[in-house]
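In this note's numbering, the protein residues as written are 9 to 273.
For glycine and all other residues, C-beta sits at the position ideal for the given N, C-alpha and C.
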Amino acid sequence: MDVYETPQSEEEMDVRKGPWTEEEDFTLKAYVNIHGEGRWNSVAHFSGLKRTGKSCRLRWLNYLRPEVRRGNISLQEQLLILQLHSRWGNRWSKIAQQLPGRTDNEIKNYWRTRVQKQAKQLKCDVNSKQFRDALRYVWIPRLIERICASSESPSGQPSTTAYTGCISNITTNQITYENTSGSVQVAPSLLPESSGTSSDSQDAQVSSVSELTDSYPNSMQTGSGSCSGNLAGTWNIDGGESMESVWNEENIWFLRQQLYDDDLN
DNA sequence: AACTTAATCAACCGCTTGTTA
DNA sequence: CTAACAAGCGGTTGATTAAGT
9 MDVYETPQSE
19 EEMDVRKGPW
29 TEEEDFTLKA
39 YVNIHGEGRW
49 NSVAHFSGLK
59 RTGKSCRLRW
69 LNYLRPEVRR
79 GNISLQEQLL
89 ILQLHSRWGN
99 RWSKIAQQLP
109 GRTDNEIKNY
119 WRTRVQKQAK
129 QLKCDVNSKQ
139 FRDALRYVWI
149 PRLIERICAS
159 SESPSGQPST
169 TAYTGCISNI
179 TTNQITYENT
189 SGSVQVAPSL
199 LPESSGTSSD
209 SQDAQVSSVS
219 ELTDSYPNSM
229 QTGSGSCSGN
239 LAGTWNIDGG
249 ESMESVWNEE
259 NIWFLRQQLY
269 DDDLN
């Protein structure tokens with residue numbers, strides 16, 4: 009590590025690192041409230057904080073800003089993150105702009121801890137075509153169903169009967185998703201978006217899904233029969249609990265339409 | 001209760017991009 | 001045009017907390 013590099017100046021010698029104290033937070037807040045954001049090196053210099061400008065900026069943006077929302081990421085937010093990531097990739101800051109109050113850091117952490125974990129459990133690369141297709145055709149549709157189900161249920165709790173959809177089959181060539189309105193078969197490898205960026209692990213042996221044991225009732229589990237093998241892992245679509253009333257059917261259909269639009273592009 | 005492992009998230013680092021002189 | 005500096009971004013690390021044994 010370069011922590012022990014010879015400092016360039018006396019100032020750099022006593023630069024503080026690590027977790028912020030309450031006093032530091034207070035100082036930074038007070039300074040920004042008076043002088044506004046920006047010129048972070050000046051903030052660091054004139055506020056009396058022994059922190060780098062970068063550190064001050066990060067602390068303000070990720071923690072001290074009044075708009076920052078913390079806590080569980082709701083189902084709606086998860087859905088947005090997945091969809092926007094499928095469109096923009098690791099453009100965390102751009103994605104964060106679409107989620108008011110959420111920081112790029114938080115979204116990045118969510119992706120790494122929740123989404124990449126699934127990829128790991130499924131033994132496929134997070135950038136592989138299979139995983140991305142699974143996200144688009146398994147995870148996202150099921151999130152949508154959960155959101156719909158939650159919005160239908162007055163208590164906000166997902167209703168058991170709403171979980172009628174299932175992935176009946178995933179092969180290297182096709183994913184079949186079934187729900188009350190019928191079954192949809194997609195050939196992911198034919199989609200332009202999917203075929204572009206192949207990764208080394210694209211050949212990961214994801215041949216089918218026989219079980220999606222997560223927080224869903226048993227009725228949500230996949231059909232049997234057409235599966236030729238198992239994914240070595242489970243889908244765990246865990247979510248935030250808060251349901252926001254602004255997230256209505258109209259929004260859901262808008263997002264669904266976006267999915268179709270993506271497919272067409 | 002003690003220990004280990006896993007999960008989470010704040011913060012740092014290095015690189016890139018934008019701005020200004 | 002270009003060099004220097006500041007700000008922004010994404011990747012990574014490490015400390016803390018929670019869960020499991």
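How is residue i classed by DSSP in three states: helix, strand or coil?
i: residue 81; result: coil
i: residue 24; result: coil
i: residue 32; result: helix
i: residue 121; result: helix
i: residue 55; result: coil
i: residue 61; result: helix
i: residue 135; result: coil
i: residue 45; result: coil
i: residue 107; result: coil
i: residue 150; result: helix
i: residue 130; result: coil
i: residue 113; result: helix
i: residue 98; result: coil
i: residue 76; result: coil
i: residue 246; result: Residue confidence for residue 246 is low, a pLDDT of 45 falling below 50, so the modelled location carries little weight and cannot support an answer.
i: residue 86; result: helix
Answer yes or no: do residue i and residue j have a C-beta to C-beta separation smaller than 7 angstroms?
i: residue 143; j: residue 90; result: yes
i: residue 76; j: residue 109; result: yes
i: residue 59; j: residue 24; result: yes
i: residue 83; j: residue 155; result: yes
i: residue 81; j: residue 118; result: yes
i: residue 57; j: residue 30; result: no
Tell me, to the nearest whole angstrom, how far the beta carbon of residue i is from that of residue j; I am working on the premise that it is less than 8 angstroms.
i: residue 151; j: residue 86; result: 6 angstroms
i: residue 124; j: residue 132; result: Actually they do not touch by this definition, with Cβ atoms about 11 angstroms apart.
i: residue 317; j: residue 104; result: Because the chain spans 9 through 273 in this model, residue 317 falls outside it and cannot be assessed.
i: residue 72; j: residue 36; result: 6 angstroms
i: residue 140; j: residue 94; result: 7 angstroms
Nearer than 6 angstroms: is that true of the beta carbon of residue i relative to any heavy atom of the ligand COA?
i: residue 91; result: This structure lacks the ligand COA, and indeed carries no ligand of any kind.
Touching by the beta-carbon criterion (3+ pairs, under 8 angstroms), the segment 85-104 and the segment 51-68: no
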